[in-house]
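Quick note: the sequence shown, position 37, residue 37 per this note's numbering, numbers continuous.
No residue lacks a Cβ here, since even glycine has one placed at the ideal position from N, Cα and C.
Reviewing the structure listed below.
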Amino acid sequence: MMGEMATRRLLLIFLMVVMAACSPGDEGAGTTQASTTSLAPATTTTTLVPTTSNPISTTTMISSEPVAEWVMQPALEEIPEGWLLSFAIPYGDEIEALGSAPGGDGLTLGPDYGAQAPDGTWWFLDAAKKRLAHYDDEGAYLDQVVLGEDLLVDGVYFQYQLPRVLADETVVASRFEVDATELLTLRDGLLGIVGVPAVVAIATDDGVSLYGFDSEGAGQVAIDPKTGAVTPTQWFSTQSGSRYRVAVDTGEITVELPDQGVVHVVPVTSSLGPGDVHVSVELATGSDGTIHLFALGISESDEQVQLAGYTSISPDGTLHRMEPGIDPFTPADPGSPSHLGVAYGRAAPWLMVVSEVGVLVYVRE
């Protein structure tokens, strides 16, 4: 029988494929005043040697032919060069620690990830403690916003995931309902719910709108996080306002940047051999217009090996090589695709791992 950790891996791969592969309720249900408590413990930082990815294509001509190749490698147990450990937040009962909860098969699950705000602080979906936990840019605890029973499923369960912090400092998370999506928002110190009248897997944002995929057949959509309005869209938008689309298929990823006149159909292979690679991606964009991708995959050459990698696409369409990536699947990982992100107004991405001892946040150098 498949174990709990393997099940979560498959769920994450499924969610990421839904969010990356596509073809060309009631609003404002209650508000709750934020409650806060402050404490600032010391944090530690570990430094790794930085590196820079090398461009392998500089074409800006429209082309239906592959212009480069992304080669995925087996996932690493440790973060590769080019990333710095910014901070780590342990689990514990203390208010400054993040919570953990039983996850079945003797596992303990950590928080459902976090996101950085434009002011540099971090918000974490601390499911075990039923709160949004707030930390400074070095991982020191600041305060919390506790969710009341009216914002929990059946008054008990914290089921929000995919956290984001928008340009106006609004914290947004989401959860699926039977035929809708519910957005949890923290705006101007007030918690609230915004209903989205469709089941939407949220993939990314540009600081103002959320972007994702409608499971009811509308394809790519944009969501207004203030009203919940859903609008079909051919393109996602970067922080800098340029349009793009990333579509995943077996053995290839298509990247389109219409404002630059760029189309790349990029073969995705693996170092394990010639077998087809089934890949999924997480997307984030920086203030400079760079598109960042964290990729996970499995090769038919050896389906027991987890593949992972990081790459980026420059604003002019230049592709960069696929670098080795860390394996994010720890026994504490809750299973949602929230490892990669970029704070609004910043260019450097982060990678987040929910480990067995705490949440680790790495920043690209």
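Backbone CA spacing between residue i and residue j [nearest angstrom]
{"i": "residue 141", "j": "residue 131", "result": "13 Å"}
{"i": "residue 301", "j": "residue 273", "result": "6 Å"}
{"i": "residue 275", "j": "residue 308", "result": "16 Å"}
{"i": "residue 91", "j": "residue 69", "result": "40 Å"}
{"i": "residue 144", "j": "residue 201", "result": "27 Å"}
{"i": "residue 325", "j": "residue 336", "result": "17 Å"}
{"i": "residue 262", "j": "residue 167", "result": "28 Å"}
{"i": "residue 12", "j": "residue 254", "result": "Its pLDDT being 46, under 50, residue 12 is placed unreliably in this model, and the value from its coordinates should be taken loosely. So the two alpha carbons sit approximately 21 Å from each other."}
{"i": "residue 355", "j": "residue 207", "result": "28 Å"}
{"i": "residue 333", "j": "residue 257", "result": "33 Å"}
{"i": "residue 223", "j": "residue 339", "result": "21 Å"}
{"i": "residue 266", "j": "residue 305", "result": "22 Å"}
CB contact flag (residue i, residue j, <8 Å)
{"i": "residue 363", "j": "residue 352", "result": "no"}
{"i": "residue 127", "j": "residue 164", "result": "no"}
{"i": "residue 181", "j": "residue 199", "result": "yes"}
{"i": "residue 75", "j": "residue 98", "result": "no"}
{"i": "residue 283", "j": "residue 204", "result": "yes"}
{"i": "residue 240", "j": "residue 287", "result": "yes"}
{"i": "residue 125", "j": "residue 102", "result": "no"}
{"i": "residue 73", "j": "residue 312", "result": "no"}
Where residue i sits in the DSSP three-state scheme
{"i": "residue 252", "result": "strand"}
{"i": "residue 389", "result": "Lying outside 1 to 365, the shown extent of the chain, residue 389 is not represented and no answer is given."}
{"i": "residue 235", "result": "coil"}
{"i": "residue 86", "result": "strand"}
{"i": "residue 346", "result": "coil"}
{"i": "residue 126", "result": "strand"}
{"i": "residue 113", "result": "coil"}
{"i": "residue 303", "result": "strand"}
{"i": "residue 313", "result": "strand"}
{"i": "residue 263", "result": "strand"}
{"i": "residue 308", "result": "strand"}
{"i": "residue 353", "result": "strand"}
Span of the beta strand (DSSP E) around residue i
{"i": "residue 232", "result": "230–232"}
{"i": "residue 321", "result": "Note, residue 321: premise wrong, no beta strand (DSSP E); not H, not E."}
{"i": "residue 158", "result": "Premise fails: residue 158 is in no beta strand (DSSP E) and is neither H nor E."}
{"i": "residue 296", "result": "291–299"}
{"i": "residue 278", "result": "277–285"}
{"i": "residue 106", "result": "Segment: none, residue 106 is in no beta strand (DSSP E) and carries neither H nor E."}
{"i": "residue 74", "result": "70–74"}
{"i": "residue 91", "result": "Residue 91 -> no beta strand (DSSP E), and no H or E assigned at all."}
Any C-beta of chain C under 8 Å from that of residue i
{"i": "residue 149", "result": "Protein chain content of the structure displayed is limited to a single chain, and chain C is not contained in it."}
Residue ranges of each beta strand (DSSP E) run of no fewer than 3 residues wholly in the region 166–227, ordered along the chain? 171–176, 181–187, 190–196, 200–205, 210–214, 219–223
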